[in-house]
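For the numbering used here, count along the sequence shown from 1 and bump the result up by 893. Here is the structure we will look at.
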Amino acid sequence: KFYLAPERRTIQHCYQLLRLNLPSTTATYQTCRRYLQSLPKPLVAYHRLGQTKFEALYQPFIDRDPSIFLPMQQVVSDHHRFDLLVVKDGRIFRPWITAWQDYRSSKILGWAPSVYPSSITILQAFYMMVLHYGLPEMCHMDNGKDYRCKILLGTSQRVSTITAQGVTDEELLHIQGTFAMLGVQSTYARAYHGQSKGRLERTFGTFAEYIAKDSGYYIGSNTVTRPEDSTLYFRAINKKAKKQVLLSWEEFCEKLDAFIAFWNANWHGDGKGMGGLSPDEVFARYAPEPRKADPKTLALALTRPEVRKVTRNGVSVMGYQYWAKELLEYSGQEVVVRIPIVKPETALIQTIQGQTICTAWADYFVATGDVAVDNEKVNAARKANLELVRTRSDSLHKTQGLKTFLDLPTPPRQELPDLDTFPLAAGAEPPYRPDQKPALKSPLDI
894 KFYLAPERRT IQHCYQLLRL NLPSTTATYQ TCRRYLQSLP KPLVAYHRLG QTKFEALYQP
954 FIDRDPSIFL PMQQVVSDHH RFDLLVVKDG RIFRPWITAW QDYRSSKILG WAPSVYPSSI
1014 TILQAFYMMV LHYGLPEMCH MDNGKDYRCK ILLGTSQRVS TITAQGVTDE ELLHIQGTFA
1074 MLGVQSTYAR AYHGQSKGRL ERTFGTFAEY IAKDSGYYIG SNTVTRPEDS TLYFRAINKK
1134 AKKQVLLSWE EFCEKLDAFI AFWNANWHGD GKGMGGLSPD EVFARYAPEP RKADPKTLAL
1194 ALTRPEVRKV TRNGVSVMGY QYWAKELLEY SGQEVVVRIP IVKPETALIQ TIQGQTICTA
1254 WADYFVATGD VAVDNEKVNA ARKANLELVR TRSDSLHKTQ GLKTFLDLPT PPRQELPDLD
1314 TFPLAAGAEP PYRPDQKPAL KSPLDI
């Protein structure tokens, strides 16, 4: 019980606990040691190291052979954080890379360095891959939340719509993700199992060795591998000391691009299916005809879809305010806003049913500091709105001959009998008639 526990007690510790709980025991330390060392190693690993380590060490796995695939049949993607420091806009940090790798040839097809990875960097690297090499058949990805986002996989949500009869209704909106729109299959690696995408993990290990350690700004991945002078960098991070010489973000990106190009062209591997060739050579030898994406479909697939309600200044998404004069007709209604990941300065606006409304511009009404320019823009927008409303109004005024309830024909008058002809009840006074005024009294008549 004491030894097979996640606290990983030493054998001596367990022996002392045994004597504490069973003072009458005759077992010696050597006896306990021989017994504990005779336990099955999988059993010890499961209880002392945890289930994840147990599965990594002792569970069976599929021995995958990349040579049974063709290039672009399967691509793999993941993030990697470099063990070096760079500076950007005065901020010191460890940079990340998001990469897409061809599983057959190990060729890095697309990559995006970043301060911190996200679904945007995934799509940026994916766009780079598709632009140069076409669409893959299947994407095998990390199991993190960045790869399970609605941009890649799509989403469903309930939205309010207005029917043709003008009635507000609610319906379930299905928004396709990037992979579904482009006809690409997707699978995910098991959580916390790097071996599920082992070829890319080994490639990242090569990057860590030859990029981070040769940069001159290596800080190690842990306290064991961390060099002594790395404390200077951490003091700079904590503003306890200044170190003027740091690798800039621009320099890092240039060095990363150069090394990836060198890796693809000159890194001769002995792994499965490589045959001593470089990734570029294997890719060129076995790659089929690229599967090109339709430019319009690709542009639409590489957008972030958001559902927003139209206000007087357009639609607001992620701090941007998108406006176009065509949105006036949809004020108060929900629309789909598709923001391109490459150029978020514009957005495609669609109805809930998927019909394109217009292209809207970001932050059109944000003050620029030039009062004349700002007034010119807002006045032009107001004028466009008035023209649209007046155009619709003119079409209404052209309709002639419409009636209102005041134009209904007057029904024929029916003569009512005189009040005097009605019989009076016994003791009742005749009703008052305007032509028979009662006699008025004055104070003198009292």
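Note that the Cβ used here is the ideal one computed from N, Cα and C, for glycine as well.
Cross-strand partners of residue i (DSSP beta bridge)
i, result
"residue 1198", "1231"
"residue 1006", "990"
"residue 981", "984"
"residue 968", "995, 1032"
"residue 1210", "1213"
"residue 1012", "DSSP, once it has assigned bridges, lists no residue as partnering residue 1012."
"residue 1241", "1231, 1252"
"residue 973", "990"
"residue 1001", "994"
Coil, strand or helix - residue i by DSSP
i, result
"residue 1031", "strand"
"residue 902", "coil"
"residue 1097", "helix"
"residue 1082", "coil"
"residue 1251", "strand"
"residue 986", "strand"
"residue 917", "coil"
"residue 1171", "coil"
"residue 931", "coil"
"residue 883", "This structure gives no information on residue 883, because the portion of the chain shown stretches from 894 to 1339."
"residue 1224", "coil"
"residue 1140", "strand"
"residue 1153", "helix"
"residue 1204", "strand"
"residue 1117", "Bear in mind that the predicted position of residue 1117 carries a pLDDT of just 47, short of 50, making it unreliable; the figure below should be weighed with that in mind. Coil, per DSSP."
"residue 1044", "helix"
"residue 1110", "coil"
"residue 1019", "helix"
"residue 1148", "helix"
"residue 1260", "coil"
"residue 1161", "coil"
"residue 1276", "helix"
"residue 1308", "coil"
"residue 1303", "coil"
Member of the options whose CA lies at the smallest distance from the CA of residue i
i, options, result
"residue 977", "995, 1111, 951", "1111"
"residue 930", "1280, 905, 962", "905"
"residue 1162", "1095, 1069, 1016", "1095"
"residue 1228", "912, 915, 1066", "1066"
"residue 1340", "896, 1074, 1225", "Look at the range of the chain in this structure, 894 to 1339, and you will see that residue 1340 is not part of it."
"residue 1171", "998, 1212, 1296", "998"
"residue 993", "965, 1046, 1009", "965"
"residue 900", "919, 941, 922, 915", "941"
"residue 1048", "924, 1168, 1200, 1241", "1200"
"residue 959", "1167, 1276, 1304", "1167"
"residue 1103", "1230, 1269, 1261, 1156", "1156"
"residue 1183", "1029, 1264, 1091, 894", "1029"
"residue 1070", "1194, 996, 938, 1304", "1194"
"residue 1105", "910, 1143, 1149", "1149"
"residue 1107", "975, 961, 1223", "975"
Cα-Cα separation between residue i and residue j, rounded to whole angstroms
i, j, result
"residue 1039", "residue 903", "40 Å"
"residue 1197", "residue 1273", "29 Å"
"residue 1151", "residue 1267", "45 Å"
"residue 1098", "residue 1081", "21 Å"
"residue 980", "residue 1145", "9 Å"
"residue 1117", "residue 1076", "Only weak support exists for where residue 1117 lies, its pLDDT of 47 falling under 50; the value from the coordinates is given anyway. Spanning the two alpha carbons is a distance of roughly 46 Å."
"residue 1221", "residue 991", "40 Å"
"residue 1079", "residue 1257", "38 Å"
"residue 1018", "residue 969", "12 Å"
"residue 963", "residue 1160", "19 Å"
"residue 1239", "residue 1255", "6 Å"
"residue 948", "residue 1046", "29 Å"
"residue 1174", "residue 1042", "34 Å"
"residue 1139", "residue 1208", "42 Å"
"residue 1185", "residue 1027", "5 Å"
"residue 1133", "residue 936", "Because residue 1133 sits at a pLDDT of 37, beneath the cut-off of 50, its placement in the model cannot be relied upon, and the following sentence gives the value as read from the coordinates. Between residue 1133 and residue 936, the C-alpha separation is close to 48 Å."
"residue 971", "residue 1246", "34 Å"
"residue 1179", "residue 1014", "28 Å"
"residue 1303", "residue 1296", "14 Å"
"residue 923", "residue 910", "15 Å"
"residue 1100", "residue 973", "9 Å"
"residue 913", "residue 944", "30 Å"
"residue 1264", "residue 1271", "11 Å"
"residue 1006", "residue 927", "52 Å"
Any C-beta of chain C under 8 Å from that of residue i
i, result
"residue 1193", "The structure shown contains no chain C; it holds only a single protein chain."
Any non-hydrogen atom of the ligand MN within 7 Å of residue i CB
i, result
"residue 1269", "What this structure holds is no ligand at all, so the ligand MN is not there to describe."
*Could you tell me whether the stretch 980-987 touches the stretch 1029-1042, using the rule of 3 or more Cβ pairs below 8 Å?*
No, they do not touch.
*Give a yes or no on contact between the stretch 1241-1256 and the stretch 1203-1220, applying the rule of three or more CB pairs nearer than 8 Å.*
Between the stretch 1241-1256 and the stretch 1203-1220, the count of Cβ pairs shorter than 8 Å is three or higher; the stretches touch.
*Examine the Cβ distances between the stretch 1017-1033 and the stretch 989-1006 and report whether three or more of them are shorter than 8 Å.*
Contact holds: three or more Cβ-Cβ distances are below 8 Å.
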